[in-house]
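Residue numbers (the working numbering), protein chains in the order written: chain F, 401 to 1078; chain P, 92 to 760. Every residue gets a Cβ at the ideal spot worked out from N, C-alpha and C, and that includes glycine.
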Amino acid sequence: MSSSIEQSPSFEGDKGKKDKVSPKERDNMLEYWSLKNHEAALEGADKKLVKIDAFQESEDLVSRLNSIRGFNEEEESETEMAQDLQKAKEGIREIEETLGEDTVEELKQEGLQRIRAFERKRRELLKIEEDLKQAINQTISKIYQDPELSESSGVWDRINRLQEQLASIPEAIETLSRQSPEAFLWNQVKWLREQKRLFESSGIIETPGIKKITGEIFQDVRKKLEGRNGIVTLLGPTGSGKTVLARKIGEEFSIDGEYEFVSAHSKMLPEDLLYRLGIKVDSVEAEDVPELIKEAQDRYEQKNPDLDNKELEQAKQTIARVVQDQAKEKAFKTEKIEEAVIRAASEGKVLVIDEFNYLPPETLASLNNLLSTRPGEVVSFGDDQIEVHEGFRVVFTGNVGEEYIKRQKLDPALVNRVLSGIVKYEYPPQEIDRPLNDSVLDSESIEAGEDPPNRDLFLSGLVQLADRNGNLVAPEDTLEKTWDLSRAFALIQQLAEGKDLRDLGIENEYTQDVSSFDIDTVFLSFRDFNNVIREWSLDSYAKPIDWYVYKNIIRPASVVDPKEAAQLYWSFKQQGQMFKGDEWSDIKVNPQTWSISGTFKISEDDIPSNKVENKLFGVKELAELASGEEAPSVVKSEQIADRKQQIDSEQIYLEMEKYLEEMEKDLRDESFVEELCA
Amino acid sequence: MFNEPEKKFSIQREDSKEERPKHPKERIEEKDTKELEEKFAYLKPLADIISGTAGISMRLDSSADTFYFDSKKREIVISPTLIEEADLDDEEQLFSFAHELGHFTQALQDPDAYLSTFEYAKEKASDVSNPALRKSIQDAWSLYFNTFLDVHSNSIVERRTVSLQKTKEDGDLPRHALYKKLFPSPDLTKNPLNVQFIYGALRKAMLPEEDIVVDPSVESALSSPFSYFGKEYASLQEFIDKEFFNPDVPLPILLARMQRTVEPIFEQFLEKDIEEGKQNPQDLKPQEGGGSGNSLDPTDDMPEPCHSRTDAFKDAAKKIKEDKAPASEKSKKEAKKRFEEEQKSVGFSESEIKKMEQIMRNANEIYRDLVDLWEAFLQVSVKMEAVEESGFFSGRNISAKEITKQLPLLLAEPENLRAFTRRFSQEAQETLEPKKISLYLVLDLSGSMSREKRLATQEAAYAVGKSLIQFRRNTEVKQGATPIDINLRVLGFGDSTEDLLPPRPEEEKERSLSTDAGEGIDQRFWKAILEIGVKDLSGTQDAEALEIVLKDLNSAQAKDSLEDNEEIAIVLEITDGDTMTAMDSSKIIKELNKTKSVFARGIQIPGLGYSETPVKDDTKEKELPPELISPSGTFSEVWGEDGLRLDDIRTLKKVMLTLLADAINRNKD
């Protein structure tokens, strides 16, 4: 894909006044962009803040307070924001001085030109992505309407190829962005800003990993659902976002976006899904009474035409009295009420059954009939008959493996149907072992096609921490800690899924004493992760992150299920490198028995406040940590290739040399030779 | 660190009229260090730019001697006195400070490669027997690395620090001004050739406009046309300027390049210097009148921090390396420390702890498989029961109790009444079969058991016993499950029999081992394992030990539970010879294997110990075809089909695994 992308203007290719921009100047400019971005954010925030009357008022109140307390106002230190702004301005000035303002301006224009060129292409690609998606979806709908087409495998080959093209667009944008450092930074910052807004408005963060998973699932789901009354069985661990995804599917595949949603539980009976007999009250409204009396009287009169007037009058009075009396009484009667499944089937909507594995087998079995009925056909439930409408589709979500479904004593046909609809959903991918400072790939490795360690959980933390401009001012170790938290979370999620330390490649002889993990009460979801990060940053990082993990996760867990709390604490400590300070020494965990003690001895006052100083994380640093890739080099790509080739051949040579050296050394070792000869 | 030739060698100082610069330690006393701390506070953000890696910051600390990397706080701690150099202006000080950070950047890039330079210098000198000369050679190599790493560090510094790219009024970059001060004279001929070579290259790289004066042989080395990996350079100096003074070159590549380009030349010069006695420390005492002798021990009159700086960098690189390690590696280190402390506190000696760690390490390859295997013995059956509950919108029957309870609702909004009952089936209880696993290890402790065989036996016994204990703990942890009972015995035999893990009275009575915390089972088990390594019971008579097993399994309690499938018993004998009690042993083994749910197996380990064919590393494969050969002599008579003979003791653990797996299959049949 990358080869087909048009080249955006490269540094050396620019026909600017400067013939050649040195790498040094280019690096300075990246720093310059970073500072400018920060300056803009701070100034923008400052301007907005000043506009708030109440803020102005509180500033005045503070100065009055200080004058009463006898503090000299001038001695007061500048606010942090003002200091930051000052620093940014100084940095900008320094770069302008070093390079000369003209050069800065020139380079700035060139940089902007490259960003614009990239942005134009990015938008173009996004538009193509959107249109292509729609075109493919429409084609699939049409294909399903024509049985001849839908049975032809060649058709699906072509659709698959189109879908592959569609899926490659995000990567194409990434590749494009790597053509210049400015485009790279822009692309990353842009992503951060977009995600920040998305998160603020909807609470969703669409990290690349999640986007990829969701995209693939939707492709799969479309094949299973489109054009027929299909079934999708979405299997995945608790807290991974299955339900959100199922709702999205419901929305997308229902005609008007309306779908039926059932939250399953273990005590549901078929009638909860289909019909239930409800008790209804039959009562007469006051204004209807005269009409009812009249109707009854008329009917009586018609039936007894021979009565004389007096008799008739007497009878009418009696009728009126009886009707009146009856109207006073409420009558109960049973009535069949349609439940979600029947509503979805008869109205042609998507039905989502969340956590279907909780349904008793006989309840699940009651759906069999319906699931095997084609649109337009009639299906009976006892005395009731309904016509199944086009558009009726079922989405199951569950936290079980295939084995579970097979084990249920169900009609094999139903099992097959549920199994054939399986789509697996996983937690967002996140590295569990490598540290942050070993998680960014250099340009050579990226060129060689290596993938950086997964970081989706970390990214969702980063999105929350950064401001809307993609800036971050926070203690120096903030991202390190966020990464550690992400690692520990990912580990716990995997353990809760039933994996053990060996499966995850992190066991050793000292973990032989660690008992098996059994986590099924305290699930750590995406939301829990976000809560810790959110509280920490809203608290201005006042305490180390350990405190927020303890407060939000460990302490509550130790009430609900101490054994699980012990497992969580151990994982945070081992893989997240948390709870290492003396202030945590009261908490003791025994991994043999998974017992935990001392969790209630910890109080907020015991936790020393976070002493780490704040720093402005540069755009380049954030962009690199977010992508896991080193910002592209300023050197021309041919030069990179050239250099890489040279370094590669040097590397091979070096390895051969080492090997020979070791061989020689071994051969000098007499005991080795003896053993070899023996 | 900077190599400051004019300052380091007093002999040259004597030639110049200037005073020797004051030792930094002396300067500390002159200036208030706190004041310096404040003065240099502005340098802090520089550390972020130079090191460029998330999460590592810098702190100026006047109480620090020199500088170091604090891995706990992830900080580079720098003494301000290091930055304050008497005769340097602000930019030059900035450069010199950034230069140090440049070395940190190198260490951060690749701590392994960085550390290798120290080892390399040491290794290069290791063949020399004269200690003084050895040190002098090692120092020469250190200087060689320092010099070329300086060139690289400076390129990093200049690329990343804006203000160091600004020319001063006289048109010089801070780098130029600084190096003019460090090397005031272009004449380097007073140094030995090897120093002329590296300093010449450094000075020329830092001050390209100026010429240097060096020995013609050095001059020729630096200026001759040069080709490297098919690329042509006008001179070696041009190669150094382009390929060493280049921040884009990763450290390992830089080192590899050095090795193949400048190193042979440097080595030649160094050898010549040694031959001519210029590198011999004995001759290096400053001579009256400053004759031809030259001090070549760079540490001789070097300012003190330069010594410690070397160590500080080495130390820092080590810490950085640790810091870059995966979390599991860090955890392992901590766990190791904890394990050692714990064992020490319960009375094990250091050598015993070492042994334990060796056993654990070697057993690890099969340990988890064994835990899984024990689990495979169990069959879980779940009993279901039907229950009827009320309180539903709809259902089977109407509950009168609910109607009464919800009477107001019945009258007001009867459609919301939850008065129906429903019937469910739910899990009543989980039962495990068997409820007990007994494991008898019958181990040969005769005199013929060599060290290797004992170690292999220790590893096998540890793995199988410890995994059983761990398996019991796993069943205890599992929510809502009944923990399985285990009965673990370790018997050593020779001329006599020794119970290596003697059960406590209540354990013997219940035939059940307690694995609760505080019962010290881990400690007792370790004692048993360690004894396997040292106890010598001379002869080979296993009947007595087998008799103990049989007696235990013949108790009324055991008989019942074995008969009812509530217990499974594994008897495992490991021996290297032929028993002297063949008749009795054979009888007991037959009786054991006749008993329901009992599996007695023997493994004979060979006399030689090692096989001629290398052991296949098939740890990844689940199928473990052991390299077996036919059992021999008495052993085969005693054990028959239930005995196996190993070709190589290194397969012992895996064979044991196979035996257990076989027992499971038979048990399930």
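Does the Cβ of residue 217 of chain P have 16 or more other Cβ atoms within 10 Å, making it buried, or fewer, making it exposed? Within 10 angstroms of the beta-carbon of residue 217 of chain P lie fewer than 16 other beta-carbons, which makes it exposed.
Over what stretch of residues does the alpha helix (DSSP H) that includes residue 584 of chain F continue unbroken? It spans 581-602 - the alpha helix (DSSP H) in which residue 584 of chain F sits, taken as one unbroken run.
Out of F/691, F/665, F/717, state which residue places its alpha-carbon closest to the alpha-carbon of residue 759 of chain F. That would be F/665, whose Cα lies nearest to the Cα of residue 759 of chain F.
Within 8 Å of chain P by C-beta, residues of the stretch 650-664 of chain F in sequence order: Per Cβ criterion, the list is empty.
For residue 486 of chain P, decide whether its Cβ has a neighbour in chain F, counting only Cβ atoms nearer than 8 Å. Chain F contact via Cβ: present.
Identify which residue in P/415, P/446, P/459, P/692 has its Cα closest to the Cα of residue 880 of chain F. Of the listed residues, the one whose Cα sits closest to residue 880 of chain F is P/415.
Indicate whether at least one CB of chain P lies closer than 8 Å to the CB of residue 494 of chain F. Interface annotation, residue 494 of chain F: in contact with chain P, CB-CB separation under 8 Å.
Residue 795 of chain F - partner residues in DSSP beta bridges: DSSP, once it has assigned bridges, lists F/632, F/752 as partnering residue 795 of chain F.
Determine whether the beta carbon atoms of residue 368 of chain F and residue 866 of chain F lie at a separation below 8 Å. Outside the displayed range of chain F (401 to 1078) lies residue 368 of chain F, so it cannot be described from this structure.
Give every residue of the same chain whose Cβ lies closer than 6 Å to the Cβ of residue 345 of chain P, excluding the five residues on either side of it in the sequence, and list them in chain order. Contacts found: 243.
In the DSSP assignment, the alpha helix (DSSP H) including residue 248 of chain P goes from what residue to what residue? From DSSP, the alpha helix (DSSP H) with residue 248 of chain P extends over 222-251.
Using a Cβ-Cβ distance under 8 Å, would residue 475 of chain F count as near chain P? With a pLDDT of only 48 at residue 475 of chain F, under the threshold of 50, the placement of this residue in the model should not be trusted; the figure read from the coordinates follows. Contacts with chain P at 8 Å (Cβ-Cβ) do not include residue 475 of chain F.
Have a look at F/688, F/676, F/705 and flag the residue whose alpha-carbon is nearest the alpha-carbon of residue 782 of chain F. Nearest option by C-alpha distance: F/676.
Straight-line Cα distance separating residue 909 of chain F from residue 604 of chain P: A straight line joining the alpha-carbon of residue 604 of chain P with that of residue 909 of chain F spans about 23 Å.
DSSP has residue 661 of chain F in a bridge; who is on the other side? F/752.
Tell me, to the nearest whole angstrom, how far the beta carbon of residue 748 of chain F is from that of residue 790 of chain F; I am working on the premise that it is less than 8 Å. Contact flag correct, Cβ pair sits at about 5 Å.
Using Cβ-Cβ distances below 7 Å, what residues of the stretch 959-983 of chain F are close to chain P? Shown in chain order are the members of the stretch 959-983 of chain F whose Cβ falls below 7 Å from a Cβ of chain P: 963, 974, 975, 977.
Just confirm the distance between the C-beta atoms of residue 646 of chain F and residue 754 of chain F, as a whole number of angstroms; I'd bet it's less than 8 Å. Contact holds; Cβ gap of about 6 Å.
Between residue 337 of chain P and the rest of its own chain, which residues show a CB-CB distance below 7 Å, the 5 nearest in sequence each way excluded? Excluding positions up to five away in sequence, the list reads 246.
Where in the stretch 458-508 of chain P do unbroken runs of the beta strand (DSSP E), each at least 3 residues long, occur, reported from the N-terminal end onward? Here the runs fully enclosed are 470-483.
Between P/744, P/155, P/149, P/126, which has its C-alpha nearest residue 453 of chain P's C-alpha? When each option's Cα is compared against that of residue 453 of chain P, the closest is P/744.
Would you check if the distance between the CB atom of residue 804 of chain P and the CB atom of residue 916 of chain F is smaller than 8 Å? With chain P represented from 92 up to 760, any question about residue 804 of chain P goes unanswered, as that position is not in the structure.
Of the listed residues F/973, F/637, F/994, nearest to residue 958 of chain F (C-alpha basis): Ranking the options by Cα distance to residue 958 of chain F, first place goes to F/994.
Provide the residue(s) that pair with residue 689 of chain P in DSSP beta bridges, ordered along the chain. Beta-bridge pairing links residue 689 of chain P to P/660.
Is residue 265 of chain P close to chain F, meaning its C-beta is less than 8 Å from at least one C-beta of that chain? It does not: the Cβ of residue 265 of chain P has no partner Cβ on chain F nearer than 8 Å.
Chain P beta carbons: is any one of them nearer than 8 Å to that of residue 503 of chain F? Residue-level contact by beta carbon fails for residue 503 of chain F and chain P, as no gap is shorter than 8 Å.
Using a Cβ-Cβ cut-off of less than 7 Å, give me the residues of the stretch 635-648 of chain F that come near chain P, in sequence order. The stretch 635-648 of chain F vs chain P, Cβ under 7 Å: nothing.
Which residues, in order along the stretch 984-1007 of chain F, keep a beta-carbon less than 9 Å from a beta-carbon of chain P? Closer than 9 Å at the C-beta level to chain P, one finds these residues of the stretch 984-1007 of chain F: 990, 992, 993, 994, 995.
Straight-line Cα distance separating residue 467 of chain F from residue 458 of chain F: Their backbone Cα atoms lie some 14 Å apart in a straight line.
DSSP three-state assignment for residue 361 of chain P, whether helix, strand or coil: If DSSP states are grouped into helix, strand and coil, residue 361 of chain P belongs with the helices.
Identify every run of the alpha helix (DSSP H) within the stretch 537-563 of chain F, keeping only runs that are complete inside it and at least 4 residues long; order them along the chain. The qualifying runs are 547-550.
According to DSSP, is residue 712 of chain P helix, strand or coil? Because the pLDDT at residue 712 of chain P is just 39, under 50, the model does not fix this residue reliably, and the point stays unresolved.
Is it a yes or a no for the stretch 320-329 of chain P touching the stretch 357-368 of chain P, going by three-plus beta-carbon pairs under 8 Å? Contact fails: fewer than three Cβ-Cβ distances are below 8 Å.
Count the other C-beta atoms from every protein chain shown that fall within 10 angstroms of the C-beta of residue 819 of chain F, then say buried if there are 16 or more, exposed otherwise. Around the CB of residue 819 of chain F, fewer than 16 other CB atoms lie within 10 Å, so the residue is classed as exposed.
Residue 874 of chain F - partner residues in DSSP beta bridges: Per DSSP, the beta-bridge partners of residue 874 of chain F are F/1015.
So which residues of chain F does residue 446 of chain P contact, with C-beta pairs closer than 8 Å? Near residue 446 of chain P there are no residues of chain F at all, since even the closest Cβ is about 13 Å away, more than 8 Å.
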